[in-house]
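Notes for the one structure printed next.
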Amino acid sequence: MMKMSIGQTIEIIYIDNAGKITQRKIEVMGIRNGRIRATCLSTGAPRVFLAANILAWQPVQERRYA
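In the working numbering, the protein residues as written are 12 to 77.
Below you can see the structure in the form of structure tokens.
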């Protein structure tokens, strides 16, 4: 199982408390007590996500150009 870490950019599928499912890229700023503090890369806004509400996640692969 993969482990997310601070400073990592990940893509998540998240269900909010109203039941809305969204997919977004975030940069993880902190992980504590089942909460993930992050910056949403779409809006640039700080957000807090409940780890239990993350349905799936994967690391974002950096594109490297030659």
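Virtual Cβ for every residue (Gly too), placed ideally from N, Cα, C.
When the distance is taken between beta carbons, is Val39 closer than 8 Å to Gln69? no
Return helix, strand or coil for Ala29, following the three-state DSSP convention. Correct three-state label for Ala29: coil.
Starting from Leu66 and walking both ways along the beta strand (DSSP E), at which residues does that stretch end? 65 to 70
Under the rule that 16 or more other beta-carbon atoms within 10 Å means buried, what is Ala49, buried or exposed? buried
Any heavy atom of the ligand PLP closer than 7 Å to the CB of Ser16? No copy of the ligand PLP appears in this structure; indeed no ligand is present at all.
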